[in-house]
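First up is the structure itself, then whatever we jot down about it.
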Amino acid sequence: MIALSLKINAARSSLAVTWDDGLVSDIPAPVLRAHSRAASQVRAEIEGRAASFEGVTLTGAEAIGAYAVRLVFSDGHDRGIYPWEYLRSLANS
Numbered sequence: 001m002i003a004l005s006l007k008i009n010a011a012r013s014s015l016a017v018t019w020d021d022g023l024v025s026d027i028p029a030p031v032l033r034a035h036s037r038a039a040s041q042v043r044a045e046i047e048g049r050a051a052s053f054e055g056v057t058l059t060g061a062e063a064i065g066a067y068a069v070r071l072v073f074s075d076g077h078d079r080g081i082y083p084w085e086y087l088r089s090l091a092n093s
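Take 1 as the starting number for the sequence shown in UniProt numbering and just add one per residue.
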């Protein structure tokens, strides 16, 4: 699966992804932030320091080759890379 287009909504509260199979997913920013696979986020989860990301918004998105997107959040987090397969799994959860 490949994301054909990504669009941050006007309120910056979610990411709309159009997939190559025609499905359109709308993934809330707090879900994306909570599931970042950046080392700092993974470490926090391992140590039981899970945080609430309610109110976090998306401030940017950058393509990483043809396989992923890097998302930037209003809390300053910008280290998470979301490969298409992982992004699709978040959309389906």
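All C-beta atoms, glycine included, are put in the ideal place defined by N, C-alpha and C.
For residue i, which three-state DSSP category applies?
i, result
"glutamate 54", "coil"
"serine 14", "strand"
"serine 36", "coil"
What span of residues does the beta strand (DSSP E) with residue i cover, start to end?
i, result
"arginine 70", "68–73"
"leucine 87", "Looking at the DSSP string, leucine 87 is not in any beta strand (DSSP E); the run it does join, the alpha helix (DSSP H), is 84–92."
"leucine 23", "Note, leucine 23: premise wrong, no beta strand (DSSP E); not H, not E."
Since residue i and residue j should fall inside the 8 Å C-beta cutoff, what is the C-beta to C-beta distance between them, to a whole number of angstroms?
i, j, result
"isoleucine 2", "aspartate 20", "5 Å"
"serine 40", "arginine 79", "7 Å"
Looking only at DSSP bridge pairs, what is residue i linked to?
i, result
"residue 98", "Summary: the structure shown does not reach residue 98, with the chain confined to residues 1 through 93, and so no result is reported for it."
"isoleucine 8", "Leu15"
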